[in-house]
Every structure is written in C-alpha cells, then in structure tokens.
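In this note's numbering, the protein residues as written are 3 to 249. Every residue, glycine too, gets a C-beta built ideally from N, C-alpha and C.
Structure follows, in structure tokens:
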C-alpha cells in the first residue's frame with residue numbers, strides 16, 4: 003500500500019550499499035569456513051585430498067639440534083650396516099655435506115662419515131681437511147687421528163705445517179699422537195719449532211705418547227730427539243724449584 007511517503011534518493015542508495023556490504027561479509031565468512039585453496043594441508047580443487055608432497059615437506063623440516071642427534075645416531079649404527087648400505091648412506095651424506103651451510107652440522111657429518119667404510123666417505127674426509135670452516139677442519143683432524151694410517155699422518159702433518167688457525171694446528175698435533183705411527187714423530191717436529199708455546203706443549207705431549215720417552219717438558223731436548231741428535235742431560239732441579247713445585 004502506498005502511503006505517499008517518498009524516500010530521498012540518498013536514503014535508497016545507502017540502503018543498497020548496506021545490502022551489498024552484508025552480502026560480501028557473508029561470502030567472506032562462508033569462504034573462511036568452507037573453501038580451501040591449494041596449499042599446505044588444504045584440499046585440492048581436483049578431489050579434496052591433501053597435497054602429499056607439501057605435507058611431507060612440512061614433516062621433514064627439522065631443527066639443527068634434531069639433525070645433529072640424527073647424524074650422531076647414524077654414526078653409532080653405521081659400522082653394523084652391510085657394506086652396500088654403508089656405501090649408499092655415505093653417498094647420501096656426501097651430497098648433503100657439500101650443500102650444507104651450517105658448519106656445526108657439517109662437522110657432525112664428518113664424524114658420522116668417519117664411521118662408514120666407503121670410498122665416498124673417505125673422499126669427504128679428505129675434503130674436510132681443506133674446508134673453509136675451522137670447526138670442520140678440527141673434526142676432520144680428530145677422525146683422521148682415529149684412523150691410524152699412513153695417509154692420516156700425511157694429512158695431519160700438512161695441517162700443522164700450513165694451517166693458519168691455532169686451534170686446528172693443536173687438533174692436528176693431538177691427533178698425530180693418536181696415530182701411534184712413528185712417522186708422525188718428524189711431523190711433530192714442525193710444531194716444536196713453532197713460536198706458539200701451546201703448540202709446542204701439545205707436540206711434546208703427543209711425542210711422549212708416541213715414543214714412550216720421558217724427556218720432560220724441555221722443548222730443546224725433544225728437538226734433539228726428533229732430529230736424531232745426542233740428547234743433553236736434563237739440568238738438575240734446584241732446591242728452590244723443588245720447593246716451588248711442592249707448594
């Protein structure tokens with residue numbers, strides 16, 4: 003029934019705009035609760051199933067700590083694997099090592115690979131001795147010392163002679179003492195001639211372990227031993243020195 007009331011055009015326009023706005027809100031709400039676009043864990047437009055490759059990628063994302071633990075466990079189990087399985091794992095780890103950016107994870111990979119008897123593992127361990135990261139080079143020195151082979155002596159001797167980082171050289175000197183190879187004696191002579199007292203001391207300790215000789219901590223006497231020269235008798239300890247050592 004027309005009561006003769008005429009609404010102004012501005013009122014009708016405002017009412018229309020409110021209706022449009024409410025319609026848009028309803029569409030948005032229904033989209034949030036029902037519609038899912040193609041993304042991680044969302045149904046695809048083809049059949050409503052989740053995208054398995056994205057779901058797997060999300061599950062495979064691990065923290066650095068989790069990865070370190072995983073590599074350590076792999077190293078513990080490595081020697082028990084069949085030779086062909088060790089080769090397979092070594093190949094996989096070698097690829098990961100060459101693309102990994104975290105030096106601590108790469109150092110752990112070196113320790114894990116050292117437990118595997120595989121050509122690819124040995125190749126990575128050689129590369130690690132020349133790595134740009136000192137953490138990786140230190141880890142490589144440690145594992146080569148455990149290998150107790152002529153190649154280990156050569157590689158470790160090269161680190162002592164050429165590395166620019168003191169911590170790496172200390173690790174190499176210590177590892178040479180673990181090789182139990184008499185060829186390491188000459189390599190440690192380089193450390194005795196170094197000006198760093200810490201490196202000299204580490205070389206003396208490794209020489210004592212290698213040779214079983216007790217020449218004290220006198221670096222000069224150890225130099226004479228390494229060079230095959232007559233070893234001068236140790237100077238007698240004075241009473242004052244004895245008292246100082248006691249107290």
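Residue interval of the alpha helix (DSSP H) (run including residue i)
i, result
"residue 207", "199 to 213"
"residue 130", "121 to 130"
"residue 114", "105 to 115"
"residue 82", "Per DSSP, residue 82 belongs to no alpha helix (DSSP H) and is neither H nor E."
"residue 190", "186 to 194"
"residue 222", "221 to 228"
"residue 160", "152 to 164"
"residue 179", "168 to 180"
"residue 233", "Unbroken run through residue 233: none, as it is neither H nor E."
"residue 140", "136 to 149"
Classification of residue i by the beta-carbon crowding that lies within 10 angstroms, buried from 16 upward
i, result
"residue 215", "exposed"
"residue 235", "exposed"
"residue 86", "exposed"
"residue 74", "exposed"
"residue 177", "buried"
"residue 198", "exposed"
"residue 64", "exposed"
"residue 180", "buried"
"residue 182", "exposed"
"residue 114", "buried"
"residue 134", "exposed"
Sub-8 Å separation of residue i and residue j beta-carbons
i, j, result
"residue 192", "residue 163", "yes"
"residue 233", "residue 217", "yes"
"residue 228", "residue 194", "yes"
"residue 130", "residue 112", "yes"
"residue 165", "residue 139", "yes"
"residue 175", "residue 190", "yes"
"residue 80", "residue 106", "no"
"residue 109", "residue 137", "yes"
"residue 160", "residue 171", "no"
"residue 104", "residue 152", "no"
Beta carbon proximity, residue i to chain D, threshold 8 Å
i, result
"residue 181", "Among the chains in the structure shown there is no chain D, since it carries only a single protein chain."
The segment 88 to 95 in contact with the segment 117 to 126 per 3-pair CB rule at 8 Å: yes
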